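Structure first, commentary second.
4 protein chains.
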Amino acid sequence: MTDEQVKGPDAIRVGVLGARGRMGVEVCKAVDAADDLDLVVEVDQGDDFAAVADSGARVVVDFTTPDVVMDNLRWCVDRGISVVVGTSGFTAQRLEQVRGWLADRPGVGVVIAPNFGLGAVLMMQFAAKAARYFESVEIIEQHHPRKLDAPSGTATHTARLIGQARAEAGLAPPPDATTDELPGARGAQVDGVRVHAVRSLGLVAHQEVLFGTLGETLTIRHDSYDRVSFMPGVLLAVRAVVDRPGLTVGLDALLD
Amino acid sequence: MTDEQVKGPDAIRVGVLGARGRMGVEVCKAVDAADDLDLVVEVDQGDDFAAVADSGARVVVDFTTPDVVMDNLRWCVDRGISVVVGTSGFTAQRLEQVRGWLADRPGVGVVIAPNFGLGAVLMMQFAAKAARYFESVEIIEQHHPRKLDAPSGTATHTARLIGQARAEAGLAPPPDATTDELPGARGAQVDGVRVHAVRSLGLVAHQEVLFGTLGETLTIRHDSYDRVSFMPGVLLAVRAVVDRPGLTVGLDALLD
Amino acid sequence: MTDEQVKGPDAIRVGVLGARGRMGVEVCKAVDAADDLDLVVEVDQGDDFAAVADSGARVVVDFTTPDVVMDNLRWCVDRGISVVVGTSGFTAQRLEQVRGWLADRPGVGVVIAPNFGLGAVLMMQFAAKAARYFESVEIIEQHHPRKLDAPSGTATHTARLIGQARAEAGLAPPPDATTDELPGARGAQVDGVRVHAVRSLGLVAHQEVLFGTLGETLTIRHDSYDRVSFMPGVLLAVRAVVDRPGLTVGLDALLD
Amino acid sequence: MTDEQVKGPDAIRVGVLGARGRMGVEVCKAVDAADDLDLVVEVDQGDDFAAVADSGARVVVDFTTPDVVMDNLRWCVDRGISVVVGTSGFTAQRLEQVRGWLADRPGVGVVIAPNFGLGAVLMMQFAAKAARYFESVEIIEQHHPRKLDAPSGTATHTARLIGQARAEAGLAPPPDATTDELPGARGAQVDGVRVHAVRSLGLVAHQEVLFGTLGETLTIRHDSYDRVSFMPGVLLAVRAVVDRPGLTVGLDALLD
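Chains as they are written, first to last, in the working numbering: chain A, 12 to 267; chain B, 12 to 267; chain C, 12 to 267; chain D, 12 to 267.
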């Protein structure tokens, strides 16, 4: 599947951990299809890790599981390999530990991102920026009906970013004269921001942030249909991490 | 303001009661601007009602108040004048009373409509029709933040129509795997339909009905900015009532 | 795969022609999953057609190719089997021929539909109905960038239905004061209706019909992500055709 | 109308030129309603300009006409009064002239903005930022049917910003396999960006920028209903100009 001969000598050598998982499979395909990246090793549960060292990988992408990701990270950092991590479960404590390992390795970079969807990340960035200029704001997220939580993690995170920006700008709560509410009609409140969760067959994953002031509204909407949508963000991180020593949390910091 | 000479001899002669109210003013303008309608008399509180009889009005439009509308209606029906009523406050009992008066007056028609917005009425019709074909449905209504009730009356009414259509079609409740809900996130329930009420500066009056089944969604959306939006519906009723003896409730019945 | 024992004795016995094609596979799954339908035979190129006769199928679903569909239809009609056809290529002449065959077979029904998406069909129905009440109307269709034609067939068909309804209602062309247009900005014209075709990665198949009058707009939007979205329409046709002798063209007629 | 006594001593003293024009009237109202701004003088055609000097205004807002705005600006700058200008007609040459005047006045600031709508300005900023991350982008602008130009100036300006960002990022043209196009269906091209202009009764001023990549889209939408929507931007400029010597063109620079 890898096709080293056609990639230029400057192509970044990339390994993938968790290469046979749902996300890993997509990552392998995406790296393989990129002209400036070389897929040099694919590892999954049961495979010999030594292959990673032998491959000469400069960057490793990790989509594994919370119970093995810390060992993977340590192993890579110790060998001077930079890492892009999409595996979940990173607490503040874990992040601190990774920072400690990197302190001794000035040439190594680690990017850990809870969400590699460029669209979602930009939506949150824009929402945080717009927040201070509009008295009103509400979030409407829409997902397939198999989803267990309402609102979604992305909606909750967006609401927090907005709430923080409003607090910093000294904004009062959004105007709302509602006196007669059927319970639930006005949504849930997250940091002072109303959030509405819609569930329907035919939907995948969508979110709309509506800002309003006198006479105008600004809407930022993200529609996601497929996990391939995460690949541009993964590749962006792979290309960025080689020039970015230390720990970077969130794709956000790479978008500038 | 009225300009009888340019209207054809077949133009319908129209009077307006409550002619100086917010809606009445718009009705006078709209009737006056229509080639096939003649504005022949404008009456408001304190004016002499005899002017209506003298004017030869064939149809009277009533945008007055609940305390006088029944007297107005009786007066018109007794004189053989058809009436289009936008005044609110019609209970089942009042409707029955009007039906009684009309029973003796085979040539007279009365149209009473709670909402003359064609867009809103069509939205409700279409929603009621689509309801039986989609497992999922939710309503998102969006209004200015001075609104007191949530959800809006239109949203509640739409939900009831949908709930009834689903019941008739024997549909199970919409699929929804939510187990972890922040209170209010999933909206209010009206006849088994989730309804979300958004409030923001910059909004006027908007409603979206989202239907979903496997792999597709159908959305019916209505945006209303101004009370002039009710005028096409009022004129439609004026033109229809002359050929429609008896009582007609709702614009719905005229849209076919 | 078929599971006859759990289906009730009243279940409709269904066969599928073109059972291994993209659509056929989905039809088999959908029939199999329906409590009131029995999947009794699956046939594709090279299979023995006699199996259909032996299976006792009451309805056959045909998603084959234009070169064999007429023979399939003839064969089924001659044996008293009703047919639901999704295969394309039906000219007026072909439809006439099918009508001829059915004339001698009073108990047999055939439903031929170019589009089994309930959402798309309802969108067109609603658009045709709303058309006469709004001075303004435009269509915006949005598709993936691999699409060859612009506008889409559905958009063109919708525009024709709207154009016809406007003509019947005697409406003037939509108001448009544009005097300074960059070529193409105002879209294409189909029967007097402006149609805009958007192409973007991340889109699948979407269409919006925007109706406007003074102070309000009504929008009917359809979003389709997957060919499974056609299955509810196919099943609806299977259930309807057994009580619907003669030829029915379009899903439209079944939605009432 | 001004109510100096309730404003704090730190309130910025503001004068309005063109105070009886459509925009000027709104500016006076908005300044008057702001706790931290004092409306100290209102001037229009025929009024004595000396009143501005006497009023002690620190900032003047100019919504006049292209033929008098340069004289107004010169007069204010010479007296050390900062100016916020919404009047149109500023060529590169005029801007250069203003810069020259300000060179000798280190404490004076001038903000000249073609558009004071925060929503529109943020939409353009966000669009310019997102542009480099998405292969596909199209603009759909929607306006009332009395508009003469298509596409709108805002849409054209947005397309230019996007085109420039794409060029800097080295992006290829958006993918588009269209081979069979009804003329105009794919919109107009502005700097390689497709722009679609929709015109309908019931619309005011709306714009949507749609970005797409594999499996996801990001949409930035602005809806404007009323010229009061420009007031937050005007007030933002008034507050900023006192700390911002020299010439600032566009609201953009103030949003950070």
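Glycine is no exception: its CB is placed at the ideal position from the N, C-alpha and C atoms.
These numbers come from a predicted model, not from an experiment.
So, C/GLY128 versus C/SER235, is the Cβ gap smaller than 8 Å?
yes
Nearest residue (CA-CA) to B/GLY57, options B/ARG85, B/ALA64, B/ALA45, B/LEU28: B/LEU28
Test: C/ARG232 CB closer than 8 Å to a CB of chain D:
no
Note down the Cα distance separating B/LEU172 from C/ASP267, rounded to an integer number of angstroms.
16 Å
Since D/TYR144 meets chain B, which of its residues come closer than 9 Å, beta carbon to beta carbon? None at all; the shortest Cβ gap to chain B is about 26 Å.
* According to the Cβ coordinates, are C/PRO162 and C/VAL206 closer than 8 Å? -> yes
Q: Inspect the beta-carbon positions of C/ARG210 and C/HIS154 and report whether they are closer than 8 Å.
A: yes
Checklist entry - With distances taken from CA atoms, which of B/LEU246, B/ASP263, B/ASP237 is nearest B/VAL71? => result B/LEU246
Quiz item: Roughly how many angstroms lie between the CA atoms of B/VAL121 and B/LEU106, to the nearest whole one?
Solution: 10 Å
Just how far apart, CA to CA, sit D/GLU37 and B/GLU37?
25 Å
With a threshold of 8 Å between beta-carbons, can C/GLY35 be considered close to chain B, or not? no
inquiry  = Please state the DSSP three-state secondary structure of D/GLU37.
reply    = helix
### Query
For A/ASP202, which residues of its own chain have a beta-carbon under 6 Å away from its beta-carbon, when the five flanking residues on both sides are left out?
ALA170, ARG171, GLY174
### Message
If I follow the unbroken alpha helix (DSSP H) through D/ILE173, where does it start and stop?
### Response
164-180
Please return the same chain residues whose Cβ sits closer than 7 Å to the Cβ of D/ALA22, not counting the five positions on each side in sequence. ASP47, LEU48, ASP49
task: Write down every uninterrupted run of the beta strand (DSSP E) in the stretch 25-89 of chain C whose length is 3 residues or greater and which is fully enclosed by it, in chain order.
output: 48-54, 70-73
- [ ] Taking only runs that begin and end inside the stretch 98-174 of chain B, name each unbroken beta strand (DSSP E) of 3 or more residues, in chain order.
- [x] 120-123, 147-154
Reference B/ASP254, options B/PRO20, B/MET135, B/GLU152, B/ARG69, closest by Cα:
B/ARG69
message = Just to confirm my understanding: we take A/ASN83, look at its own chain, exclude 5 residues before and 5 after, and list those with CB closer than 8 Å. What are they?
response = LEU28, VAL71, ASP73, THR75, VAL94
Beta-carbon contacts of A/GLU15 that lie in its chain and below 6 Å, excluding the five residues immediately before and after
Unreliable placement is indicated for A/GLU15, whose pLDDT of 46 sits below 50; the coordinate value is still reported in the next sentence. Closer than 6 Å at Cβ, skipping near neighbours: ASP49.
Residue-chain proximity (C/VAL260, chain B), Cβ-Cβ < 8 Å: no
message: So for D/VAL94, helix, strand or coil by DSSP?
response: strand
*asked:* Using a 10 Å radius around the Cβ and a threshold of 16 neighbouring Cβ atoms, would you call B/LEU225 buried or exposed?
replied: buried
Check: For the putative contact between A/ALA62 and A/VAL54, defined by C-beta atoms under 8 Å, what is the C-beta separation to the nearest angstrom?
Finding: 6 Å
Helix, strand or coil: which one does DSSP assign to D/ARG238? helix
Exercise for the section: Go through its chain and collect everything with a Cβ distance to A/MET34's Cβ below 8 Å, but skip five positions before and after it. Expected result: PHE74, GLY97, ARG238, PHE241
Note to self: Run through the DSSP bridge pairs and tell me what A/LEU221 is partnered with.
What the structure shows: A/GLU149, A/THR230
If you draw a straight line from the C-alpha of D/LEU265 to the C-alpha of A/LEU262, how long is it? 26 Å
Per-residue contacts from A/HIS207 into chain B (C-beta, under 9 Å) = ILE151, GLY195, ALA196, ARG197, GLY198, HIS207, ALA208, VAL209
#### Entry: Three-way DSSP call (helix, strand, coil) for C/MET12 in this model
Note that C/MET12 scores a pLDDT of 42, beneath 50, so its modelled location is shaky and nothing firm can be said.
- request: Determine the chain F residues that contact C/SER163 at a beta-carbon separation under 8 Å, and present them in chain order.
  value: Here the protein chains are A, B, C and D, and chain F is not one of them.
With 8 Å as the threshold, decide whether the Cβ of A/VAL109 is near any Cβ in chain C. no
The beta strand (DSSP E) spanning B/ALA208 covers which residue range? 204-210
So for C/ALA216, helix, strand or coil by DSSP? strand
- Is there at least one Cβ from chain A nearer than 8 Å to D/SER147's Cβ? no
Exercise. Use the C-beta contact count for D/SER66: other C-beta atoms within 10 angstroms, 16 or more gives buried, fewer gives exposed.
Key: buried
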